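Residue numbers (UniProt numbering): 1 to 702. The structure under discussion appears below in the form of structure tokens.
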């Protein structure tokens, strides 16, 4: 893998070939409402998908730090709200099991005197991190509101309309202020909920506009304007004065690698002009801690609350530029960040691993992976592929390798030929590879839920099987490259030059993590439940890149791992010294399900402690220790898990105990090598072979 790349690592597609012929091309389960164009691939897991779901487009969209919504009741247009930390609602109990912010509050609504219930809503220029909401009373009379993650203002551009601003909260006062720049009018708006907003109105040359308070819920303009830019920011700060008049219209990500340093940029294309020559972007804590020198200089003292990711800092810039250190040692073999630890494959360890492998290579891979669910099938294939890899590269046992390799190859045939129980299709509506299974058969994958979990397991298994086959002189992967690339492109296509898939369906480079929820409307926004499968899918992409010789894919994957390490450490894994999440929530030690607007210490399938924590552990892989740092894992264990482990008597026990290897490999190895170890303590994605090999590989004494 190349470690010096001056060119944009995001600029080269994995592939640009059309969908494989094995995938029937037809409309999938998702129905798009009117006003949503699918001329280009739909960003199904992006922050604004609440505006694209059929039948319900009025739930809030969380741009951070603002939430906005399509308002089509009482007030018509784009509503805006900012949730403050003091507004949080916590569950009873100590620690509280959840907290959230109120939703549906229309502090301000960009509207017009011509808007009523018949106003037409559409979403245009929809990219991965930005989109434009458009409200029209006719073809030439419309309001457009560019939305972007991190946007410093909520912006609306009026075209041939009389502007109107409403508030369901109610106005206390609207006062004109000193203009920050020629052509820009400034106002201070105070609301009945004791909040203050700054309003800036940029008027095209030759146009004028007076705003007045018509009643306690309405601000109205005295005449029609065309091209007038209305911008509101929560609170008052000089940073708003410096950025007013300039707003983002599109967002892209670029980056380059030099040795182990990866510089990545979130680039905001802008329109308009301002005193600073830039717009205002609010950056999250994980951005701030990795700012390069230029972005550090752009940062102001202005801070504002996000919903679930702490305080954001205002930056007068059109580019957020961050540096991450990537670790190319994260590859196929067990890897640890425990200081002083190295592989310890003693004779005792190798004997125990071989004993386990001798039994597990006899498994019926084909039947076990014959599932209605791509997720379940992928877990099974990945499990056996780690056994195979262990047999070849750790045990160096040709007999065991030759027993299992043909089984994995045979099992992959039905998937590559698309002859599994529910074949995949290429969805011509949203542009993606989806299951043909009903929603309740595969975790909602047909509406783009969890794709990175599912396809990550398949890619991981494919990469490990190909690695073994190649080491034995084979070229098996050549027949599976297009199929594997189809899965990789569906979840991690880096560029719009691949017109068949959206850009990074699941990974949000602004938020620094992934969203599992696809095209389903939700009042609290997007959600993510399984951070460890996020990590595993990125590892799978890294390994797949190494197999097919795509160094850009490898480097992007290593970058994603480094970003995840930073963001999960701040927002999801709650160390005692965490200052980002509410202090009363920290004793939970893990966020549970993270939504745009809520943290909920639970899972979708139950509230057992082992579920809530274990779902953020599985599967333990070569990337686990890099992201789940030893200090955190020990804190979590001591605080939440050591007291319950003896009462756990199913596959969750194995998950929790292999996680112990991230801080105490000896204890984990002792558990899995015990003479009375029971296979009932293995999850269906776990093998005893890999559990032992992992423990020894990260330095367990045996």
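Each residue gets a CB set at the ideal place from its N, CA and C atoms; glycine is no exception. Keep in mind that this is a model prediction, so the values were computed, not measured.
The region 393 to 454 contains, as complete alpha helix (DSSP H) runs of 4+ residues, the segments 398 to 416 (chain order). Per the C-alpha coordinates, the member of 424, 548, 383, 426 positioned closest to residue 405 is 383.
Annotation for residue 312: no alpha helix (DSSP H) segment contains it, though the beta strand (DSSP E) segment containing it runs 311 to 316.
Taking C-beta separations shorter than 7 Å and ignoring five residues to either side along the sequence, the partners of residue 547 in its chain run 463, 466, 467, 477, following chain order. Sequence-distant partners of residue 571 (beyond 5 residues in either direction) whose C-beta falls short of 6 Å from its own C-beta, in its chain, are 309. Boundaries around residue 490 are those of the alpha helix (DSSP H), 481 to 492, since no beta strand (DSSP E) includes it. As DSSP reads the structure, residue 163 sits in a beta bridge with 112. By the criterion of at least three beta-carbon pairs nearer than 8 Å, the region 571 to 589 is not in contact with the region 335 to 349. Annotated three-state conformation of residue 240 is helix, per DSSP. When C-alpha distances from residue 203 are compared across 297, 228, 316, the shortest belongs to 228.
Remark: C-beta atoms of residue 619 and residue 338 do not approach each other more closely than 9 Å. The residue among 686, 504, 191 with its C-alpha nearest the C-alpha of residue 13 is 504. Here DSSP, grouped into helix, strand and coil, assigns residue 340 to coil. Around residue 66, the same chain offers 80, 81, 82, 151, 154, 234 as residues with beta carbons nearer than 8 Å, after the five sequence neighbours per side are excluded. Counting only residues of its own chain and dropping the five nearest sequence neighbours on each side, residue 668 has a CB closer than 7 Å to the CB of 657, 658, 660, 661, 695, 700. Comparing alpha-carbon positions, the option among 481, 617, 675 lying closest to residue 683 turns out to be 617. Less than 9 Å separates the beta-carbon of residue 46 from that of residue 128. Inter-segment contact for the region 319 to 326 and the region 633 to 645 is absent: fewer than three beta-carbon pairs are separated by less than 8 Å.
Between residue 447 and residue 520, the beta carbon gap of about 6 Å places them in contact (Cβ cut-off 8 Å). Nearest Cα to residue 258 within the set 549, 556, 674: 556.
Less than 9 Å divides the Cβ of residue 133 from the Cβ of residue 78. For residue 657, no beta strand (DSSP E) segment is defined; the enclosing uninterrupted segment is the alpha helix (DSSP H) at 651 to 660. In the structure shown, residue 530 falls within a coil segment according to DSSP collapsed to helix, strand and coil. Per the coordinates, the alpha-carbon of residue 496 lies some 9 Å from the alpha-carbon of residue 11. Ranked by Cα distance from residue 628, the options 236, 573, 593 are led by 573. Counting the other Cβ atoms within 10 Å of the Cβ of residue 605 gives fewer than 16, which makes it exposed. Its chain contains 590, 592, 601, 602, 603 as the residues whose beta carbon lies nearer than 7 Å to that of residue 612, once the 5 sequence neighbours on both sides are disregarded; these appear in chain order. Around the beta-carbon of residue 109, 16 or more other beta-carbon atoms lie within 10 Å, marking it buried. Nearest Cα to residue 501 within the set 331, 41, 315: 41. Under DSSP, no beta-bridge partner is assigned to residue 607.
Restricting attention to beta strand (DSSP E) runs no shorter than 3 residues, the region 520 to 595 encloses them at 593 to 595, ordered along the chain. Per DSSP, the unbroken beta strand (DSSP E) holding residue 265 starts and ends at 261 to 272.
Counting only the Cα atoms, residue 32 lies some 53 Å from residue 399.
If you draw a straight line from the Cα of residue 53 to the Cα of residue 688, it is about 43 Å long. Taking a C-beta distance under 9 Å as the contact criterion, residue 646 and residue 681 do not qualify as a contact pair. 9 Å or more divides the Cβ of residue 241 from the Cβ of residue 185.
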